[in-house]
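First up is the structure itself, then whatever we jot down about it.
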Amino acid sequence: MVRKFFVGGNWKMNGNKGLNKEIIQTLVTGPLDAGTEVVVSVPTIYLSEVRTALPKSVGVSAQNAYKTSKGAFTGEISPAMLKDIGIDWLIGEKVGHALEEGLKVIACIGEQLAEREAGKTTDVVFRQTQAIAAKVKDWSRVVLAYEPVWAIGTGKTASPAQAQEVHKQLREWIKTNVSADVADSLRIIYGGSVTGGNAKELAQEPDVDGFLVGGASLKPEFVQIVNAKV
């Protein structure tokens, strides 16, 4: 099965009306590879604005949501509210409820530096994946993001070989513990200091199906990352 390349841009706690317009213009101008699924994850306060401004070919994701549909939870937002303003994706831990509410989920896993140095990478990511798998009935609406904690916002990136090794092991785990069909179709993407400079090399690895991009998603080089497979 050919898995469609997936690039998510996680703005985290960044953005303002001026910067948002610049990023949106960059995405609209592109050109973006039509063979890549592109989703940007935006701070809650800007979700509606960004969804309205971007073409439907670019998905918009929330970064988090509460684990119930409504109630007396001051400051929280629910998956039902996200759907109401046209948001289709969620990055976060509330996998089961988000899927039940009809959202698609980018589920993030990854080890800390001490865990990698202790040779516990697979122990950690398998345990995290098991917790996610226990709440998933429809894997077609899930993207699994391997984000080694030691590479997030540090400038350190897993080498293509390191990323491929973990992605391959994760796919084998899915094959053994879920099904061969899910293992074949599930997109496993890499996150951790991805840039326009390293994206093409990482994208050549057979089990790297895309990226979850942090800081570089706020810059014009994000287009290069989206087009890494071209």
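Count the sequence shown with the numbering used here and you get residues -2 to 227, in order. Glycine is no exception: its CB is placed at the ideal position from the N, C-alpha and C atoms.
With DSSP collapsed to three states, give me the class of Leu87. strand
Does the beta carbon of Val121 fall short of 7 Å from some heavy atom of the ligand ZN? Ligands displayed in this structure: none; no statement on the ligand ZN is therefore possible.
Is the region 107 to 125 touching the region 84 to 95 in the sense that three or more CB pairs, one from each, lie closer than 8 Å? no
When we look at the beta-carbon of Asp206 and count the other beta-carbons within 10 Å, is it buried (16 or more) or exposed? buried
Same chain, Cβ closer than 8 Å to Lys80, five either side skipped, listed in chain order: Glu98, Gly99 and Leu100
Using 8 Å for Cβ pairs, my map puts Thr33 next to Lys226. What's the rounded Cβ distance? 7 Å
Residue interval of the beta strand (DSSP E) (run including Ala155): Note, Ala155: premise wrong, no beta strand (DSSP E); not H, not E.
I need the straight-line Cα distance from Pro217 to Asn7, nearest angstrom please. 14 Å
When you compare only the Cα positions, how much space is there between Pro52 and Lys117? 42 Å
Quick one, are the C-beta atoms of Ala59 and Thr41 less than 8 Å apart? yes
Under the rule that 16 or more other beta-carbon atoms within 10 Å means buried, what is Gly5, buried or exposed? buried
When we look at the beta-carbon of Val210 and count the other beta-carbons within 10 Å, is it buried (16 or more) or exposed? buried
Is it the case that the region 164 to 184 contacts the region 198 to 205, given that we only count it when at least three CB pairs across the two stretches are under 8 Å? yes
So, at 7 Å on beta carbons, what are the nonlocal neighbours of Asn195 in its own chain, with the 5 sequence-adjacent residues on each side left out? Thr154
Boundaries (first-last residue) of the alpha helix (DSSP H) holding Thr23: Lys14 to Thr26
Cβ neighbour criterion (16 or more within 10 Å) applied to Asn17: buried
Assign Glu108 to one of three DSSP states: helix, strand, or coil. coil
Which residues does DSSP pair with Asn7 in a beta bridge? Ser38
Do you know whose CA, among Trp170, Phe208 and Asn61, lies nearest Ile149's CA? Phe208
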